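The next block holds one structure in the form of structure tokens; read it before the comments.
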Amino acid sequence: MALAAAPAHARAGSLYLHVPFCFHKCHYCDFYSLVDTRDRQAPFVDRLIEELAALAPSAQRPLQTIFVGGGTPSLLRTDLWERLLAALDRWYDLASIRAGSGEFTVECNPETVTPDLTATLRAGGVTRVSMGAQSFNRTHLKALERWHDPDNVPRALTLARDAGISRASIDLIFAIPGQSLADVEQDLDTALRLGVTHLSCYALTYEPHTAMTARLTRGEFQRADEDLEADMFLLIRERLAAAGLSAYEVSNFARPGEECRHNLAYWRQDSWLAAGPSASGHLAGVRWKNAPRLDDYLASSTDGFAPIVEFEPLDPRRALAERLMTGLRLREGLDEADMLDQAARLDHAAPARLRACAERHRRAGLMHPGPRWALTDSGILIADRAAVEFLAALSP
Amino acid sequence: MPDSSPHIRNFSIIAHIDHGKSTLADRLLQATNAVSPREAKEQILDSMDLERERGITIKASAVTVWHRHKPGAKADDLETDYEATSDETGEHKVKKGESAEAHGDLYMFNFIDTPGHVDFNYEVSRALKACEGAILVVDSTQGVQAQTLVNAYLAVNENLHIIPVINKIDLPGARPIDVAMEIEQTLGFKAEDCLLVSAKTGQGIPELLASIAEKFPPPRPPVTDALRGLIFDAVYDDYRGVIVYTRIFDGTLKVGDKIRMMGTQRTFLVSDLGKMTPKPVRVKELGPGETGYVVAAIRTLKDVRIGDTVTHEHHPAAEALPGYQPPRQMVFCDFYPSTKEDGESSDFEDLREAVEKLSLNDSSFTFQPVHSEALGFGYRCGFLGLLHMDIIQERLEREGGVEVVQTAPTVSYQIVCRAGTDDIVSPSGQVLKKVIEGMPHYAPPPPGHVLLEVHNPAELPNPSTIMEMREPICRLELMIPKDKIGDIMKLVLDRRGQYKSQSFVSQTRDLLQFEIPLAEIIYDFFDKMKGLTSGYGTMDYEVIAYRPDNLVKMDILVNGEPVEALSVIVHREKAEHRGRALCAKLREQIPRHQFEIPVQAAIGGKVIARETIKAYRKDVLAKCYGGDVSRKRKLLEKQKEGKKRMKNIGAVTIPQEAFMAVLDTGD
Ligand SMILES: Nc1nc2c(ncn2[C@@H]2O[C@H](COP(=O)(O)OP(=O)(O)OP(=O)(O)O)[C@@H](O)[C@H]2O)c(=O)[nH]1
Ligand code: SF4
Ligand SMILES: [Mg+2]
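Protein chains in written order, with this note's numbering: chain A, 1 to 396; chain B, 1 to 667.
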């Protein structure tokens, strides 16, 4: 199935690109990535450019944000990056990005960042790097089977900064088997010392079909205790808030103005285009997902579009469900009037049910008072449970 | 039909599970040209999907094949050498240019492949009643096993001639000589009388065919000219209704005959007769000694009773053939519909339809509607054993298209209560069924008392009215490697088993006999026994009596409220241990709530074990990136649905898995 160009009012302000290559598969990872033994980087970039050209008519001009994730985008060879960046420049309007009001993020593995690469990225308009550090503790990196030397994180950040890429974020993982509260504190301190203005701190998640989960079920290690995980979660919020990075989403922390605009677009249910194997997009009320296998992606093309494995037009109920679910995770929360408006389209009693649900959460101290539905600190701790209740309130 | 009347041989193939009965049946079908090599797939007679997937036989199946044999010949030609398979009429094809007679006399073999698993033992008993002989298959790598003995005894009790066959001699681990010695030791057949075959390669099959013709006796001559046929099986067919399998002992049954079932006194008109060869082939009549199927516009399985005698409406026999006991349900559990989006009631309707449809196919499970405070409307079903329960659940889901949740299996108890003027009712208001004289395992209660049947702890009446609780006791036979006997003794004794006897099977194995409460073995005993014996032990059991013991009902209280679907009947002395294990299990199964939840086990109001489920602190997934949004929404929606499946007991939601936790015996 191919996507038709979106009507003008529904064009996407954001673009996601998926680069599926890694040099080793980390044990916790459930992203689509592969260790490329057949050197498919060049055909991949050619195919990606083809897809970018096909998608371009559906993009806003100028484009607001680009995010290149993976996989390990920094593993792409510099000459291929040059080709890719040139294509972006050709098919999309990067004026806002270049002017600094837009955002262009590339995920990097600290190991693979070189001066050549950062210079190329900068020249192509990249404004932000997201560095996969995960931990600065070698034992914990080993527990995740994450292969990099933690000393490379500061080196890579410096290279990016020296090249003129001004914004940087670090990814950390907590609740790693064997990790203590003090260990988490140490990771945070190290990250803060590096001067980043944005941090993503994810609790280790045991995704189905990952090596980590298999090892857990085999009993190779014990997962972190639920209470300890909650303590870590609270510690991180406290520590980072004290350092001036407040939680604008469950797992994301930033100095004011340094939030990841691209991710906010996801969470605010804006439209975005997606290119590359396994990439998912959202445009004019439709969600889709590209076929995940690289070979399928390379082999098939309909006027440049990728083969699609999922295609879901969101009905009003689903759309609202997703908005509630992601919105409740944000510090800014949701606009009550807007939510009730949308709910009124489901059935006449839906607004009352939602309002009652919000009231319950307010009385329990889980939600702030005011015109927005925003969870309090104790509410954020149980955001999923809250979301389940709001979702339940959508059905009569 | 062949010109001169054929010699008839009726026999069953019996064995311990997996010793190769169905594969041997394949070879017999192939060797007699009933199927061409092209048609021969593995275990042809296992036609149910579930049988093919699990590689086991669940239902016995009866087939008829034709064979030529020269009396006195040690081995037979294999018909596969002939130019074509036997045709529709059963006429036998011969080698080019030869007459059929050149191959010897014509034999009609009616044989039945039986299941090996103990749950389906009643299928074997039925099959044997229709036969004069039995092929007892023993795996040459495994030797004599528990069901080998049980099935052999069943055949001996029916006065059948037995041909012992040692199978799988093609395998590198085959020990035919040792196994022959075991057979001699345990069953008394001479070791040198055992035939050696490979049901896989076909080795030894000609000799087996010769033995069948020579050793098995012909059917007894008729003793009356009135029709008497034993119904030994019945299956439901979507198009033709019930198809009855019968073995004719006296008289002749013809198409168009009006028949009467002597037990149920129902009458039917025969529209079709035939034999499975294994393709169904119509015949005009079935004479004495023959086996075949009968189609007579019988609408449901409830209209026929297995073991009943068919006779003619107009010239009925005076006396029915000896029948057999209907199978008894030993294990019970509830099925409830899994909740789907469109509410509960419609789902119950789906379940009802599925259960009723399945009961047309399998008359050996029982069902009655139940309502549980915790789980809503469902069915309480009775099964022959745990495997049977498993299979029914799978067939409900697969064939009936319903998703079910299931409560922990229990056994059925008999309770002695003071007789009053009123019926005794369960807490839910159901009148409890009386066990009366003549019913299996009846032992009279003291004067002024009644004996009642209860197979759900929740149904127990007020404890003050109960004088005695009786539970089913099994005779348990275990075939065990000698060096593991100590471990097995301990396992059995820990579970209230009583040692009865020990006998020699071979240099390496002994046969142990115990008596043990059924409740102690229905859940994980088999797995434990297999574990302790590294897979070499085998077992068989049969309920022999109901006996009183010091049994009590243990209630489980969640957040202070009793949850009847979690209550269990346990032995007083084991109650504390079980209670602790159960509370610990529930602590794992019940998710944390906003508040602390005590979980308690209590007997008659006295708490004997307690655990606390801590209040939760965090419930939020770390990641929600762009590609994840719909996946995460579906996850949360599932939780929302899951919440429906979970049940609110007061302020606490209990998930389905917790209801199975009572199975954990804690050892
Ligand atoms: N090598 C070898 N394998 C055999 C032979 N006979 C049977 N088998 C294998 O043994 C397994 C069990 O055979 P079945 O014929 O299903 O055994 P069964 O006795 O009918 O089993 P149940 O009906 O479940 O009691 C299958 O995997 C067969 O392929 C044989 O002579 N040689
Ligand atoms: S580097 Fe990232 S994408 Fe690649 S395997 Fe590791 S976690 Fe997954
Ligand atoms: Mg079989």
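Quick reminder that beta carbons are idealized off the backbone N, C-alpha and C, glycines included. Only a predicted model underlies this, so the values are computations on that prediction, with no experimental measurement involved.
Can you pull the chain A neighbours of residue i, defined as C-beta to C-beta under 7 Å?
{"i": "B:Gln639", "result": "Val388"}
{"i": "B:Gly626", "result": "Tyr16, Tyr266, Trp272 and Ser280"}
{"i": "B:Leu557", "result": "Within 7 Å Cβ-Cβ: nothing; B:Leu557 doesn't reach chain A, min ~24 Å."}
{"i": "B:Ser271", "result": "Under the 7 Å cutoff, chain A gives no residues; its nearest Cβ is about 53 Å from B:Ser271."}
{"i": "B:Arg587", "result": "By Cβ distance, chain A contributes nothing, its closest Cβ being about 13 Å from B:Arg587, past 7 Å."}
So residue i is in the beta strand (DSSP E); what residue range does that whole segment cover?
{"i": "B:Met276", "result": "Asp272 to Met276"}
{"i": "A:Ser378", "result": "No beta strand (DSSP E) contains A:Ser378, which is instead part of the alpha helix (DSSP H) from Asp377 to Leu381."}
{"i": "A:Thr158", "result": "Premise fails: A:Thr158 lies in the alpha helix (DSSP H), Asn152 to Ala163, not in any beta strand (DSSP E)."}
{"i": "A:His18", "result": "Ser14 to Val19"}
{"i": "B:Lys258", "result": "Lys258 to Met261"}
{"i": "A:Met367", "result": "Here A:Met367 belongs to no beta strand (DSSP E), and DSSP marks it neither H nor E."}
{"i": "B:Asp113", "result": "Asp105 to Asp113"}
{"i": "A:Asn137", "result": "From DSSP, A:Asn137 is part of no beta strand (DSSP E); its letter is neither H nor E."}
{"i": "B:Ala601", "result": "Ile597 to Ile603"}
{"i": "B:Tyr616", "result": "That residue, B:Tyr616, is in no beta strand (DSSP E); it is neither H nor E in DSSP."}
Can you tell me where the alpha helix (DSSP H) with residue i in it begins and where it stops?
{"i": "B:Val165", "result": "Note, B:Val165: premise wrong, no alpha helix (DSSP H); beta strand (DSSP E) at His161 to Asn167."}
{"i": "B:Phe525", "result": "Phe525 to Leu532"}
{"i": "B:Gln589", "result": "Arg572 to Gln589"}
{"i": "B:Gln30", "result": "Lys21 to Ala31"}
{"i": "B:Asp390", "result": "Leu386 to Gly400"}
{"i": "A:Phe233", "result": "Glu226 to Ala242"}
For residue i, which residues in chain A fall below 9 Å Cβ to Cβ?
{"i": "B:Arg266", "result": "Per Cβ cutoff of 9 Å: no residues; B:Arg266 is ~51 Å from chain A at best."}
{"i": "B:Leu636", "result": "Ala321, Met325, Asp384, Ala387, Val388 and Leu391"}
So, are the CB atoms of residue i and residue j less than 8 Å apart?
{"i": "B:Gln513", "j": "B:Glu477", "result": "yes"}
{"i": "B:Tyr236", "j": "B:Ala62", "result": "no"}
{"i": "B:Gly274", "j": "B:Arg282", "result": "yes"}
{"i": "A:Ile97", "j": "A:Gly125", "result": "yes"}
{"i": "B:Leu321", "j": "B:Phe249", "result": "yes"}
{"i": "B:Tyr107", "j": "B:Ala213", "result": "yes"}
{"i": "A:Arg261", "j": "A:Gln64", "result": "yes"}
{"i": "B:Val156", "j": "B:Ile13", "result": "no"}
{"i": "A:Leu273", "j": "A:Leu15", "result": "yes"}
{"i": "B:Ala15", "j": "B:Thr148", "result": "yes"}
{"i": "B:Phe525", "j": "B:Pro409", "result": "no"}
{"i": "B:Val197", "j": "B:Gly204", "result": "yes"}
{"i": "B:Met262", "j": "B:Asp308", "result": "yes"}
So residue i and residue j are supposed to be a Cβ contact under 8 Å. How far apart are they, rounded?
{"i": "A:Asn137", "j": "A:Asp183", "result": "6 Å"}
{"i": "A:Thr72", "j": "A:Cys22", "result": "5 Å"}
{"i": "B:Glu520", "j": "B:Arg475", "result": "Not a contact, Cβ separation roughly 13 Å."}
{"i": "B:Tyr336", "j": "B:Gly287", "result": "B:Tyr336 to B:Gly287, Cβ: 51 Å. No contact."}
{"i": "A:Thr210", "j": "A:Asp30", "result": "5 Å"}
{"i": "B:Pro316", "j": "B:Arg260", "result": "6 Å"}
What residues of chain B sit near residue i, judged by a beta carbon separation below 8 Å?
{"i": "A:Val106", "result": "Those do not exist, as A:Val106 stays about 15 Å from chain B at its closest Cβ, beyond 8 Å."}
{"i": "A:Thr205", "result": "Leu621, Ala622 and Lys623"}
{"i": "A:Ser251", "result": "Ala622 and Lys623"}
{"i": "A:Arg329", "result": "Val620 and Cys624"}
{"i": "A:Tyr202", "result": "Ala622 and Lys623"}
Which chain A residues are close to residue i, counting only those with a beta carbon under 8 Å from its beta carbon?
{"i": "B:Lys618", "result": "Glu226, Glu229, Ala230, Phe233, Leu381 and Ile382"}
Please compile the residues from chain B whose C-beta is within a distance smaller than 9 Å of the C-beta of residue i.
{"i": "A:Lys142", "result": "Neighbours of A:Lys142 on chain B: none; closest Cβ ~21 Å, over 9 Å."}
{"i": "A:Lys289", "result": "Gly627 and Ser630"}
{"i": "A:Glu312", "result": "Ser630"}
How do the region 456-469 of chain B and the region 409-422 of chain B stand: do at least 3 beta-carbon pairs fall below 8 Å, yes or no? yes
- On the three-pair Cβ rule with 8 Å, is the region 440-456 of chain B touching the region 484-492 of chain B? no
Looking at C-beta atoms only, is the number of pairs between the region 498-506 of chain B and the region 570-580 of chain B that lie closer than 8 Å three or more?
-> no
With three or more beta-carbon pairs closer than 8 Å as the criterion, would you say the region 192-209 of chain A touches the region 245-255 of chain A? yes
Open item on the list: Count Cβ pairs between the region 291-308 of chain A and the region 49-57 of chain A that sit closer than 8 Å; are there 3 or more?
Closed with: yes
### Task
Mind the definition here: the region 619-630 of chain B touches the region 249-259 of chain A only if three or more C-beta pairs lie below 8 Å; say whether that holds.
yes
**Q.** Contact shell at 6 Å, judged by CB to any heavy atom of ligand 4, ordered along the chain
**A.** Although ligand 4 was asked about, the structure shown includes only ligand 1, ligand 2 and ligand 3 as ligands.
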